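What follows is a short report on a single structure.
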Amino acid sequence: MARQPGPWQRKRDGWWMTTIDGKQRKLATDKKEARKAFHELMVRPDAPTTSSRLSFRTLADRFLDHCQRTMALGTFNGRRLYLQSFCTHVGKWAVSDLRVEHVSAWEAKNPSWTRSTVAAVRSMPTACCTCLAR
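83 is the number that this note's numbering gives to position 80 of the sequence shown; each next residue is one higher, with no gaps.
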């Protein structure tokens, strides 16, 4: 009888993995995230695992690398300031777990922001995700 698939940690790099149909698949570096990714994979076997479990912080870092290369220093610094604030708000959440209400809750924590700041800030998480899609 074959073993049931389940998450296990690969010692050489710390990734949580699973083996399905003889193929090893990366899940996440965090055990809790790996379990969540594993259950998603069991429901939708054709779904990508590592990109769907990408943390927003990692995505924001990639986006900021792009901004640093392509934008003026002042623009880059502004985006970095607000994205750092959002990353602190969402912690290690995966991009796939974020919803509009998370951005709204972040805005609510900053009542001193003007309407123009709120409009600019709302676009930043979306810009990060758009940058990933390229």
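Beta carbons are placed, not taken as given, at the ideal position from N, Cα and C, and that holds for glycine. Nothing here was measured: the structure is a model prediction, and the numbers come from that model.
- Measuring C-alpha to C-alpha distances from LYS35 to each of VAL46, MET20 and ASP24 identifies MET20 as the nearest.
- Residue pairing by DSSP places ALA31 opposite TRP19 in a beta bridge.
- Pairing SER58 with TRP96 gives a Cβ-Cβ distance under 8 Å.
- Sequence-distant Cβ neighbours of ALA63 in its own chain, meaning closer than 6 Å and more than five residues away, are LEU86, CYS90 and CYS131.
- By the neighbour-count definition (other C-beta atoms within 10 Å, threshold 16), LEU44 is a buried residue.
- Only residues of its own chain outside the window of five on either side were considered, and among them TRP109 have a CB closer than 6 Å to the CB of HIS92, listed in chain order.
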